[in-house]
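Visitor: Sharing a structure, written as structure tokens. Questions coming.
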Amino acid sequence: TQLLEQSPQFLSIQEGENLTVYCNSSSVFSSLQWYRQEPGEGPVLLVTVVTGGEVKKLKRLTFQFGDARKDSSLHITAAQPGDTGLYLCAGVISGGSNYKLTFGKGTLLTVNP
Amino acid sequence: SQTIHQWPATLVQPVGSPLSLECTVEGTSNPNLYWYRQAAGRGLQLLFYSVGIGQISSEVPQNLSASRPQDRQFILSSKKLLLSDSGFYLCAWTGGETQYFGPGTRLLVL
């Protein structure tokens, strides 16, 4: 059973377009993180959201945590080729072990110039 | 600042051969340490985690083992590699609930 479902799995768009990727679960998370990973490298943290309904912005990236803390979205405005990569969401399940993050399978984004 | 090292960066090994991947962390003490495997550039599967020296928790039954001989050293091993052990192996440590990843080791078992 995949606790965190990410969609879409693959996304290929043109430079300048907007996009949204989703991270959904039936479990409640005490916090949720988004990472970006480039080929051959380890994932790098983009943002952590902890409060239901929270919205965080990082330049052209907007992250939202659902009110019930079961889902999250990442919206990218005016995508650029440098945004290309694998976007992973991960969370600490509320009431579970604080030592373990649960990862989604990721959304592989390609932005074409 | 904290840094995390992994080596080797790339490894090609025959089926049945042993394996030892090393991960070390600098700039922090008593970190929680993790080994993940990532297949085909997709999601991360947690293999082992450790909250202290000699303390290893295994997440999935498999052909691999882990050890933590020192506070900031985490080793992933196998006595006999299988084809299915191929993948990208990532070590990580936690600062709060955030995980910081190493550069990874690409393992190809032939």
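For the protein sequence lines, the chains are P and E, in the order given.
According to our numbering, the stretch in the first sequence is residues 151 to 263, in order.
According to our numbering, the stretch in the second sequence is residues -17 to 92, in order.
No residue lacks a Cβ here, since even glycine has one placed at the ideal position from N, Cα and C.
(1) Return the Cβ separation of Val33/E and Leu92/E in integer angstroms, given the expectation that the two are a contact with Cβ distance under 8 Å.
(2) From the DSSP secondary-structure annotation, give me the bridge partner or partners of Leu15/E.
(3) Would you kindly work out how many angstroms separate the C-alpha atoms of Ser180/P and Leu169/P, rounded to a whole number?
(4) Smallest Cα separation from Ser(-1)/E: which of Gln(-12)/E, Tyr16/E, Lys62/E, Gln20/E?
(5) Quick one, which of Gln81/E, Glu4/E, Glu8/E, Asn12/E has its alpha-carbon nearest Ala48/E's?
(6) Check the Cβ of Ser181/P against every Cβ in chain E and list those closer than 7 Å, keeping chain order.
(7) Taking the straight line between their C-alpha atoms, what separation do you get for Ser40/E and Gln81/E?
(8) How far does the beta strand (DSSP E) with Pro51/E in it extend, from its first residue to its last?
(9) Strictly below 8 Å CB to CB, what residues from chain P border Asn12/E?
(10) Could you give the DSSP three-state label for Asp217/P: helix, strand or coil?
(11) In terms of alpha-carbon separation, which member of Cys239/P, Val261/P, Phe253/P lies closest to Tyr172/P?
(12) At the level of alpha carbons, what is the spacing between Leu64/E and Pro(-10)/E?
(13) For Asp268/P, count the other beta carbons within 10 Å of its own beta carbon; 16 or more makes it buried, fewer makes it exposed. Which is it?
Guide: Reading off the structure:
(1) Not really, about 35 Å apart at Cβ, beyond 8 Å.
(2) Ser32/E, Trp75/E
(3) 26 Å
(4) Nearest C-alpha to Ser(-1)/E: Lys62/E.
(5) Glu4/E
(6) Glu79
(7) 18 Å
(8) According to the DSSP assignment, Pro51/E belongs to the beta strand (DSSP E) that extends over 47 to 52.
(9) In chain order: nothing, as chain P lies at least about 13 Å away.
(10) Note: Asp217/P maps to coil in three-state DSSP.
(11) Cys239/P
(12) Roughly 19 Å between the two C-alpha positions.
(13) This structure leaves residue 268/P out entirely; chain P is present only between 151 and 263.
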